[in-house]
Amino acid sequence: FGKSRSRRLYSIECVYHKVSAVSKIWTKYKQHGMVVKAKRTGRPRKTSTRQDKQLKAICLENRKSTTKQMKHKWEEAGANVCDRTVRNRLKEMGFQYRKAKRKPSLTPKHKRTRLHYLQ
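So this is what it looks like as C-alpha cells:
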C-alpha cells in the first residue's frame, strides 16, 4: 500500500475485504515477511479430500452396498477408518441413508385368490 490514504483505500476496494482485516494482514507481512495460516483448534480430519473423492466413487459404483462393504473397499484403497467415519463422510457429501423395503412374499392363499381373480 502507498502512503496516501486514497491509494490505500483503492487497494482495499480491489480485494473486497474490510480495511481492518487487510491492515492486519499487511502488518503481519511487514513484521515477519510472510503470512502463515494460524493453527486451528479441534481434531484434525482422519481423511483427505482425495480419500473422500475415492469414497464417493466407491459409493456411486454400487448405491445398494452397505457402509461395511464400502469401508472394506476404501481400506483396500488405503484409508484406515471405521464404519461411523464412512457414514459421516457420505452424509457430508449429501448421500442419504435409505433402507430397502422388503415386500412380503405371497402366501398360498394370496396366490389362489389372484389366480381366481384372473379367470
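Residue numbers (full-length UniProt numbering): 1 to 119. Glycine included, C-beta positions come from ideal geometry on N, C-alpha and C.
Buried versus exposed call for residue i [16 or more other C-beta atoms within 10 Å across all chains shown]
| i | result |
| --- | --- |
| Met-34 | exposed |
| Val-86 | buried |
| Leu-118 | exposed |
| Ala-79 | buried |
| Lys-103 | exposed |
| Thr-113 | exposed |
| Met-70 | buried |
| Ser-105 | exposed |
Beta-carbon separation (whole angstroms), residue i vs residue j, contact threshold 8 Å
| i | j | result |
| --- | --- | --- |
| Asp-83 | Lys-68 | 6 Å |
| Thr-47 | Val-22 | Between Val-22 and Thr-47 the Cβ distance is about 34 Å, and since that is not below 8 Å, they are no contact. |
Separation of residue j from residue i, as counted between CA atoms
| i | j | result |
| --- | --- | --- |
| Thr-107 | Leu-115 | 13 Å |
| Trp-26 | Val-19 | 10 Å |
| His-32 | Lys-39 | 17 Å |
| Tyr-97 | Arg-89 | 12 Å |
| Lys-111 | Thr-66 | 33 Å |
| Lys-24 | Trp-74 | 43 Å |
| Met-93 | Ala-77 | 19 Å |
**Message:** Quick check: the segment 31–45 against the segment 59–78, are at least 3 beta-carbon pairs closer than 8 Å?
**Reply:** No, the segment 59–78 is not in contact with the segment 31–45.
**Item:** beta strand (DSSP E) runs wholly inside the UniProt region "Disordered" (98–119), at least 3 long, in chain order
**Value:** Fully contained in the UniProt region "Disordered" (98–119) is no beta strand (DSSP E) run of length 3 or more.
**Request:** At 4 residues or longer, and completely inside the segment 30–77: list those alpha helix (DSSP H) runs for me, N to C.
**Result:** DSSP runs (the alpha helix (DSSP H)) wholly in the segment 30–77: 49–61, 67–76.
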